[in-house]
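I have placed the structure first, in the form of structure tokens, so that the comments after it can refer back to it.
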Amino acid sequence: MAVRRFQATLTPAAVAANVCAEQSFAVGPGDLTIGAAVFVVKPTLQALAMPCQARVVSATNIGVTFFSPGAGATPTAAEVYQFVVID
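Going by the numbering used here, the sequence shown opens with residue 107, and the numbers climb by one from there.
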């Protein structure tokens, strides 16, 4: 089992109200495996735009699903997210 931790600065797009929407980001070290477990941490609390899951999309991309439970929101721009990938 391989466990890797890395970080990436992300600027997600707006998320509509009461919607879960996946956004894909080129963040990986180049050897990610589809099907690996991914944990994501957004560095700040933001009540109307939160990551709720993540997955490996390709060897270099991770998809992060954001949820906006209220009136819609844009996750904070240029934040450094932390990722842990286990495969």
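C-beta atoms are modelled at their ideal positions from N, C-alpha and C, and glycine is treated no differently.
Predicted, not measured: the structure shown is a model, and the values here were computed from it.
Using DSSP's beta-bridge definition, name the partner residues of Ala132. Position 26 of the sequence shown holds residue 132. Paired residue(s): Asn167.
Locate the beta strand (DSSP E) running through Thr115, then write down its first and last residues. Numbered from 1 along the sequence shown, position 9 holds the residue referred to as residue 115. Counting along the chain, the beta strand (DSSP E) containing Thr115 begins and ends at 109-116.
For Phe145 and Phe173, the rounded distance between their alpha carbons: For the purposes of this step, residue 173 is taken as residue 67 along the sequence shown, with counting starting at 1. For the purposes of this step, residue 145 is taken as residue 39 along the sequence shown, with counting starting at 1. If you take the alpha carbons of Phe173 and Phe145, they lie about 16 Å apart.
Cβ shell of Ala165 (< 7 Å), same chain only, five flanking positions each side left out: As a first step, residue 165 must be located in the sequence shown, where it is residue number 59. Answer for Ala165: Gly134, Gly136, Asp137, Leu138, listed in chain order.
For Ala140, name the three-state secondary structure that DSSP assigns. For the purposes of this step, residue 140 is taken as the residue at position 34 of the sequence shown. According to the sequence displayed, residue 140 carries Ile and not Ala. Correct three-state label for Ile140: coil.
From Ala184 to Thr117, what does the alpha carbon distance come to, in whole angstroms? Looking up residue 184 in the sequence shown gives position 78. Looking up residue 117 in the sequence shown gives position 11. Cα-Cα distance, rounded: 5 Å.
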